[in-house]
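First residue of the sequence shown: 209, per this note's numbering; consecutive thereafter.
Note that the Cβ used here is the ideal one computed from N, Cα and C, for glycine as well.
Keep in mind that this is a model prediction, so the values were computed, not measured.
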Amino acid sequence: MQNKSRVLVAACLLTAGALVNAPAAQAANEDCVFQLDNPHASHHVPGNTNAAATIRCNSAKNYLGITVELFSHTPVAQRVGFAEWGNDSGTAKFYRLNADWNQCHNGMVMSAHAKYAVVDKNGNPTLQEKDSGRVTVRNCP
């Protein structure tokens, strides 16, 4: 089951846009909350800009996966950070992934985009996407 979930979710992350509004998939994992931070000056690594994506569920899942991208708009969108990973422990309730860029300049216009995948104990997938919209970065060192 674990390998089947991994293959399913890998395919789901690649095609999340097509399935994001599937009502049956959404109902399978309705106890999960998906969050995406706005791009911001890193509190942990001065000089970096980052955005974190989080999945928080009330019950254990077979798989939690996130792909998060960080974009700089100077003046056109350019992907400057990327992270993709998943937790297939079968007991996961929380997962957080961070995309970062080794630059931070006050006044930069940036955005973040995340794709989320959750597979419950019955093998039912839930897929969701979030976009931060454009924000102006402040508080860089």
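- At least 8 Å separates the beta-carbon of Ser-319 from that of Val-284.
- Between Ala-325 and Lys-338, the C-beta gap is not smaller than 8 Å, which leaves the two residues out of contact.
- Counting the other Cβ atoms within 10 Å of the Cβ of Glu-277 gives 16 or more, which makes it buried.
- With respect to the 8 Å criterion, Lys-269 and Asn-310 are not classified as neighbours on the basis of their beta carbons.
- Counting the other Cβ atoms within 10 Å of the Cβ of Thr-275 gives 16 or more, which makes it buried.
- Uninterrupted beta strand (DSSP E) stretches at least 3 residues long and entirely within the region 310-335 occur at 317-327, given in chain order.
- Distance from the CA atom of Ala-300 to the CA atom of Tyr-271, rounded to whole angstroms, is 7 Å.
- Judged by DSSP secondary structure, Gly-294 falls within the beta strand (DSSP E) whose first and last residues are 285-295.
- Note: His-248 is bridge-paired with Asn-258 in the DSSP secondary-structure output.
- A straight line joining the alpha-carbon of Val-253 with that of Thr-282 spans about 23 Å.
- The three-state reading of DSSP puts Val-343 in strand, counting E and B together.
- For Leu-305, the CB contacts under 6 Å within the same chain, skipping 5 residues up- and downstream, are Ala-261, Ile-274, Val-276, Ala-291 and Trp-293 in chain order.
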